[in-house]
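Structure first, then comments.
In the working numbering, the protein residues as written are 163 to 528.
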């Protein structure tokens, strides 16, 4: 028999605001709002994230800061600007801790990571429950942050399980439970089903993931093309063979910047990322690094952040390889999202072991 995989998705609750509470515990019992300030006026900008106390007042990601301040008028709310450098430092520390718990760890954003723990729990979902509780407690003790975990037989199920119970949640979906778990969920819970696709599927009579699972696969292929049609069929039936891909050491080199104007124009985006790639590549060459993972970082007009990554088979150094994969990643991202982009970033990571060891030795003896 083939042993079922056990995959976890770990997602840190209201990460930016929780990091700020960690830095300044006095604010923990107050409404905390982390915002992206445009600089035009004192109140111009939008909410990046907020803690759950602020959310009780209707303060959510993406709303204008002046509305958030109006909603929290009369409270002792704390408003803070985003501090990506600080959040990344905490994230890198967490990822290093989490890597010990898994055969493979795939970091997908600053506050999310997949863990393949099949070996660690002997393929048992009962063991996985206790293991997840241990991870939650250990991270709380070592770092001071709460997190939500979804556990499933693959990345897709783990992701949807994780999203179903927040904050500080733990949801486990066994292989034999996945179909029923998916069946009643709205079809737009699946990655790739955006507003336009959701509207199209509704016209086809597909409202739930269960509806999609039963829909004729040939009709899906004719409507959405072979790649997407097959993906929608497999995803609706909780089939996902994508491995948890180790993305290298937590250390990375990244740059992020704001576009001149919100856009979905690929040429404008690549013009900005080309500038960032030049800076990153210079730093890579100065440090003598090779890398295996290339990532893009996107902040959309609603202030939500997303990232996409590709991991290569062999370490590389060439600038043109970064540019080529950044272009491909943005092409794929733009095909999946209809929102304009406000900020873009590029990151390289997964530095080769030899170079990291050389760095550690030189630091030790220096």
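By construction, the Cβ of each residue, glycine as well, lies at the ideal position given by its N, Cα and C atoms.
Close-in-space but distant-in-sequence residues of the same chain around residue 528 (CB under 6 Å, 5 per side omitted): Reliability of the predicted coordinates at residue 528 is poor, the pLDDT of 32 falling under 50, and no value is obtained from them.
Endpoints, alpha helix (DSSP H) assigned at residue 496: 481 to 498
Classify residue 139: buried if its beta carbon has 16 or more other beta carbons within 10 angstroms, exposed otherwise. There is no way to answer for residue 139, as the model of the chain reaches only from 163 to 528.
Does DSSP put residue 170 in a helix, in a strand, or in coil? strand
So the alpha helix (DSSP H) residue 417 belongs to, where does it begin and stop? Taken as a continuous stretch (DSSP letters only), residue 417 belongs to no alpha helix (DSSP H), being part of the beta strand (DSSP E) at 414 to 425.
Do residue 280 and residue 265 come within 9 Å of each other at the CB atom, strictly closer than that value? yes
Excluding the 5 residues flanking residue 509 on each side, which residues of the same chain have their C-beta closer than 6 Å to its C-beta? Take residue 509, set aside five residues on each side of it, and the residues of its chain with a beta-carbon closer than 6 Å to its own are 414, 416 and 457, in chain order.
Helix, strand or coil at residue 334 according to DSSP, with G and I counted as helix: strand
Does the Cβ of residue 318 have 16 or more other Cβ atoms within 10 Å, making it buried, or fewer, making it exposed? buried
Figure out for me which residue from 464, 401 and 256 has the closest Cα to the Cα of residue 316. The shortest C-alpha to C-alpha distance from residue 316 to any of 464, 401 and 256 is the one to 401.
Backbone CA spacing between residue 189 and residue 240 [nearest angstrom]: 7 Å
When the Cα atoms are used, what is the spatial distance from residue 242 to residue 366? 45 Å
Rounded to whole angstroms, what is the Cα-Cα separation between residue 439 and residue 490? 14 Å
Keeping to the same chain, check which residues put their C-beta closer than 7 Å to that of residue 330; ignore five residues upstream and five downstream. Cβ within range, chain order: 175, 308 and 310.
Within its chain, find whatever has a CB closer than 7 Å to the CB of residue 397; leave out the 5 residues flanking it on each side and keep chain order. 318 and 352
Bridge-paired residues (DSSP) for residue 387: Residue pairing from DSSP leaves residue 387 without any beta-bridge partner.
Since residue 313 and residue 297 should fall inside the 8 Å C-beta cutoff, what is the C-beta to C-beta distance between them, to a whole number of angstroms? Contact doesn't hold; Cβ gap of about 10 Å is too wide.
Note down the Cα distance separating residue 426 from residue 496, rounded to an integer number of angstroms. So the two alpha carbons sit approximately 7 Å from each other.
Look at residue 259 and residue 209 and say whether their C-beta atoms are less than 9 Å apart. Here residue 259 is not near residue 209, since their CB atoms are 9 Å or more apart.
Can you find a CB in chain D that lies within less than 9 Å of the CB of residue 373? Checking the listed chains, one finds no chain D in this structure; it contains a single protein chain.
Residue burial classification, residue 428 (beta-carbon count within 10 angstroms, cutoff 16): exposed
Beta-carbon proximity of residue 349 to residue 371, cut-off 9 Å: yes
Residue 193, buried or exposed, once every other Cβ within 10 Å from all chains shown has been counted against 16: buried
Which ranges does the alpha helix (DSSP H) cover as unbroken runs of at least 4 residues, wholly within the segment 200 to 228, from first to last along the chain? 214 to 217
Under the three-state reduction of DSSP, which class applies to residue 197: helix, strand or coil? strand
Quick one: what's got a C-beta closer than 6 Å to residue 523's C-beta in the same chain, skipping five residues either side? For residue 523, the predicted model reports a pLDDT of 34, less than 50, meaning its position is unreliable; a value from the coordinates is still stated below. Closer than 6 Å at Cβ, skipping near neighbours: no residue.
Any idea if residue 476 is buried or exposed, counting beta-carbon neighbours within 10 angstroms, 16 or more meaning buried? Answer is exposed; the Cβ neighbour count stays below 16.
Contact between the segment 173 to 187 and the segment 286 to 300: three or more CB pairs below 8 Å? no
Quick one: residues in its chain with C-beta nearer than 7 Å to the C-beta of residue 186, no 5 flanking neighbours on either side, listed in chain order? none
In angstroms, rounded to a whole number, what distance separates the CA positions of residue 339 and residue 399? 11 Å
Check residue 430 in the structure and name its three-state DSSP category. Taken through DSSP and simplified to helix, strand or coil, residue 430 comes out as helix.
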